[in-house]
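Peer 1: Heads up: the sequence shown at position 85 corresponds to 79 in my numbering, and the numbers run straight through without jumps. Backbone N, C-alpha and C define an ideal beta-carbon position, used for all residues, glycine too.
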Amino acid sequence: VLAMNREASEFLARGRSLRIRRQRLEAEVPAEARMLDACIMRASRGFASEATSPIRRLRLQRASGSPPLQLLVAPVGSSILHDAHHRAAVVVFLRDPTERRALAPEDIRDAVGITYSEAEVAALLAEGMTITEAARALGISLATARTQLKNAIGRTKTRRQHGLVGFILKSLATVPVRNGAFSKKGK
């Protein structure tokens, strides 16, 4: 493990199915540890040696009976490695489906090309609120919320509210891949 963000550090400190041992990410269950190692090795070889994509998805079961952790393992382009001694690296994205995250309107705005106000309404709709609940939460009239929804649907060329929500969720879940690996330009 070369680096991790604050959320990853906090997650690992809670001891949930994954740990760092000898500077390596490791699953606690031996069979899953072998699968994770295989995914990391395959991704570290990158696209050049594979007929298929080295990006791998993995689910890790939990003793608690909670929904499995979801991991995405992908190669990292050498252009973003700060240490020249590391020839191959991967990035591991972790998602705990039990942890609810609010969608950031600025991320939605930037991802799908709608205004910030439209993105505020869309974020609440994507989290499961009705248009009436979203208007109330934002302190705007129902008519204003409906207008912002209509404009967001028009800008994204979707057809209905559920189409807009699906489009947003797909857009935010996209992993930036360029030339077969993650790169600075792919951010």
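What is the DSSP secondary structure of Ile134, counted as helix, strand or coil?
Peer 2: The answer is coil: DSSP assigns Ile134 none of H, G, I, E or B.
Peer 1: Excluding sequence positions up to five away, which residues of its chain have a Cβ less than 7 Å from the Cβ of Ala25?
Peer 2: Same-chain partners within the cutoff: there are none.
Peer 1: Does Arg154 come out as helix, strand or coil in the three-state DSSP assignment?
Peer 2: In this structure, Arg154 counts as coil in the three-state DSSP scheme.
Peer 1: Take Glu112 and list the residues in its own chain whose beta-carbon comes closer than 6 Å to its own, dropping the five residues that flank it on each side.
Peer 2: Excluding sequence neighbours, Glu112 sits near Gln142, Asn145 and Ala146.
Peer 1: Do you know whose CA, among Arg36, Ser58, Thr150 and Val115, lies nearest Val23's CA?
Peer 2: Val23 has its Cα closest to that of Ser58, out of Arg36, Ser58, Thr150 and Val115.
Peer 1: Would you give the residue range spanned by the alpha helix (DSSP H) that Ile34 belongs to?
Peer 2: That run of the alpha helix (DSSP H) goes Pro24 to Ser38.
Peer 1: Quick one, which of Val(-5), Leu118 and Gly9 has its alpha-carbon nearest Arg16's?
Peer 2: It is Val(-5).
Peer 1: Taking contact to mean at least 3 C-beta pairs separated by less than 8 Å, is the region 116 to 124 in contact with the region 151 to 167?
Peer 2: At 8 Å Cβ cutoff, the stretches touch.
Peer 1: Excluding five sequence neighbours on each side, which residues of the same chain lie with their C-beta closer than 6 Å to the C-beta of Ser60?
Peer 2: The residues are Thr92.
Peer 1: Measure the Cβ-Cβ separation of Leu54 and Leu63 and say whether it is below 7 Å.
Peer 2: In this structure, Leu63 lies closer than 7 Å to Leu54 by Cβ.
Peer 1: Grouping DSSP H, G and I as helix and E and B as strand, with all else coil, what is Gln64?
Peer 2: Note: Gln64 maps to strand in three-state DSSP.
Peer 1: Roughly how many angstroms lie between the CA atoms of Ile108 and Glu114, to the nearest whole one?
Peer 2: Taking the straight line from one Cα to the other gives about 10 Å.
Peer 1: Should Arg56 and Ser11 be called a contact, given that it needs their Cβ atoms to be closer than 7 Å?
Peer 2: It is a contact, given that the beta carbons lie within the stated cut-off.
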